[in-house]
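Q: Residues 1 to 361 (UniProt numbering) are what the sequence shown spells out, left to right. Here a beta-carbon is modelled for each residue, glycine too, at the ideal position from N, C-alpha and C. Take a look at the following structure, please.
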Amino acid sequence: MLRNISCRGALSATALSLVLSSTAHAASGTTAGTSVTNTASVAYTIGGVAQTPVSSNAAAFLVDRKVNVTVAQVGGQATNVTAGDTNAVIAFTVTNNTNAVQDFRLIKDQQNSLVLTLLGHSDSFDVDNLRVFVDSNGNGTYEAGTDTATYIDELAADASVTVFLVADIPTSLPANPFAGVGLIAVAAAGGSNGSLGSDLVATLLGDTANAIDNVFADASGTLDATRDGRASAVGEYAVGTASIEVTKTAVTISDPLNLGLLPKAIPGAVIEYCIQVKNAGTGTATNIAITDPIPANSTFQAGSILVGGTTLLGVCNADGSSVTDANDSDTGEYDGTNVKATIASLAAGATRTARFRVTVN
């Protein structure tokens with residue numbers, strides 16, 4: 001902005017000095033609404049005699065609002081769930097890069113069918129009861145009775161807050177079940193604590209004198225465009241499915257003639273059965289119940305049941321918890337016909353065993 005300065009008299013020398021106000025600012029820049037003022041001063045002489053300097057009028061402008069927000073999904077990984085889960089949470093971080101305090105309106109989104117999710121899977125179902133909440137106490141953990149706000153209120157410049165998408169997972173799901181969801185944060189007017197301001201509108205014409213213009217400076221996201229006053233990120237619910245594989249082996253432990261040295265499966269020999277249960281799926285399997293009838297021509301060896309053992313290279317290890325043969329509170333029993341064992345939980349990719357012994361009749 002130019003201002004004319006007029007002086008009377010002949011000037012033998014002219015010196016200009018500008019006096020500017022100086023304001024400290026954060027990473028987002030000088031705070032919107034800050035008044036920046038400067039005055040020019042002209043010193044001169046006439047006939048070698050210094051004259052009183054002449055000052056210009058004060059030229060001032062207001063710093064405009066540079067609107068910028070980012071949204072990022074915390075961790076960048078899929079959220080593993082199982083069918084029928086309730087209140088499954090995906091966390092996002094919303095950062096106010098605007099040079100002013102802002103509110104943010106929050107929009108929850110479900111991706112369309114077949115659209116690629118966060119990790120490149122094809123969206124195949126919609127979650128139920130999708131909701132959005134703001135982390136009110138800053139602990140990064142969703143708490144149903146505490147985190148109840150549905151918009152971001154008065155977020156300071158350069159500050160961040162955690163936002164949760166919360167959903168229920170249907171009980172009936174298609175094959176390869178993945179659900180893509182998204183969060184959109186829309187910049188809204190700040191300055192009124194306890195209420196959501198109106199969405200900001202970009203100033204499209206030239207700089208407005210003595211007013212704070214809105215200049216959108218945000219980058220494009222998955223669910224929004226460049227310089228639209230909003231930002232977005234997506235998350236993914238991956239429904240784990242259990243796929244149980246069962247392998248049974250029989251190993252001769254001893255016989256009456258050779259004892260434990262190269263034993264053979266002759267009458268009187270002790271045979272150990274090992275049932276390996278592997279979860280080849282992506283979700284945790286629970287309440288696994290093993291039932292194995294004692295085969296003909298053999299007799300169960302009392303006190304030989306061990307449950308919860310491990311394997312090495314597909315071979316059963318000599319471990320596991322010893323259980324009684326009775327039907328009691330432990331995880332195994334022999335009912336006179338069948339050996340039974342229970343494995344409470346089996347994570348994806350894990351293998352556990354149940355072992356017992358019989359004698360060849």
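Residues bridged to Ser198 by DSSP?
A: DSSP lists no partner for Ser198.
Q: Please report the distance separating the alpha-carbon of Ala341 from that of Gly283.
A: About 21 Å.
Q: So, helix, strand or coil for Asp103, using DSSP?
A: It is a strand residue.
Q: Could you say which of Thr286, Thr291, Thr337 lies nearest to Thr351 if we only look at CA atoms?
A: Checking every option, the nearest Cα to that of Thr351 belongs to Thr286.
Q: Tell me whether Asp335 sits in a helix, a strand or coil according to DSSP, three-state version.
A: The answer is coil: DSSP assigns Asp335 none of H, G, I, E or B.
Q: With the cut-off set at 9 Å, would you say Ala179 and Thr117 are in Cβ contact?
A: Closer than 9 Å, so yes.
Q: Grouping DSSP H, G and I as helix and E and B as strand, with all else coil, what is Phe125?
A: Coil at Phe125, not helix or strand.
Q: Helix, strand or coil for Thr208, going by three-state DSSP, please let me know.
A: It is coil, neither helix nor strand.
Q: Considering only residues of the same chain and omitting the five flanking positions on each side of Ala347, which have a CB-CB separation below 6 Å?
A: Only Thr284 meet the Cβ criterion.
Q: Can you tell me whether DSSP reads Gly235 as helix, strand or coil?
A: Strand.
Q: Report yes or no: do the segment 158-177 and the segment 122-134 share at least 3 C-beta pairs separated by less than 8 Å?
A: Yes, the segment 158-177 is in contact with the segment 122-134.
Q: To which residues does DSSP link Lys278 through a beta bridge?
A: Paired residues: Glu245, Thr351.
Q: Please state whether DSSP places Asp158 in a helix, a strand or coil.
A: DSSP places Asp158 in coil when its eight states are reduced to three.
Q: Anyone know if the C-beta pair for Val234 and Gln73 falls short of 9 Å?
A: Taking 9 Å as the Cβ cut-off, Val234 and Gln73 qualify as a contacting pair.
Q: Alpha carbons only, please: which of Asn361, Ala83, Thr31, Gln51 is nearest the one belonging to Ile294?
A: Selected option, being the one with the closest Cα: Asn361.
Q: Kindly indicate the opening and closing residues of the beta strand (DSSP E) around Pro293.
A: Note, Pro293: beta strand (DSSP E), 285-293.
Q: To the nearest angstrom, how far is the alpha carbon of Ala188 from that of Asp153?
A: Cα-Cα distance, rounded: 9 Å.
Q: Is the number of C-beta pairs between the segment 204-218 and the segment 249-266 that are closer than 8 Å three or more?
A: Short answer: they don't touch.
Q: For the beta strand (DSSP E) that Ala59 lies in, which residues bound it at each end?
A: Unbroken beta strand (DSSP E) run through Ala59: 59-62.
Q: So, with DSSP's three-state summary, where would you put Tyr44?
A: DSSP places Tyr44 in coil when its eight states are reduced to three.
Q: Are the Cβ atoms of Gly33 and Ile212 separated by less than 9 Å?
A: Cβ distance < 9 Å, so Gly33 and Ile212 count as in contact.
Q: Ends of the beta strand (DSSP E) at Thr95?
A: Segment 88-96, the beta strand (DSSP E) holding Thr95.
Q: If you follow the beta strand (DSSP E) that residue 376 is in, where does it begin and where does it stop?
A: Given that the chain is displayed from residue 1 to residue 361, the structure contains no residue 376 and the question cannot be resolved.
Q: To the nearest angstrom, how far is it from the Cα of Glu236 to the Cα of Val69?
A: Computed Cα separation, rounded: 22 Å.
Q: Starting from Leu306, trace the beta strand (DSSP E) both ways and give me its first and last residue.
A: Taken as a continuous stretch (DSSP letters only), the beta strand (DSSP E) holding Leu306 covers 306-309.
Q: So, with DSSP's three-state summary, where would you put Asn137?
A: Of the three classes helix, strand and coil, the one that applies to Asn137 here is coil, per DSSP.
Q: Any chance the segment 185-201 sits against the segment 101-109, with 3 or more Cβ pairs inside 8 Å?
A: Yes: at least three Cβ pairs fall under 8 Å.
Q: By the 10 Å Cβ neighbour count, where 16 or more other Cβ atoms means buried, how is Ala265 classified, buried or exposed?
A: The residue in question, Ala265, is exposed, as its Cβ has fewer than 16 Cβ neighbours within 10 Å.
Q: Please classify Pro53: is it buried, with 16 or more other beta-carbons within 10 angstroms of its beta-carbon, or exposed?
A: Its Cβ having fewer than 16 others within 10 Å, Pro53 is exposed.
Q: What's the C-alpha gap between Ala50 and Ser41?
A: Taking the straight line from one Cα to the other gives about 14 Å.
Q: Going by the CB atoms, is the gap between Gly320 and Gly303 shorter than 9 Å?
A: Their beta carbons are not under 9 Å apart, which means Gly303 does not touch Gly320 by this criterion.
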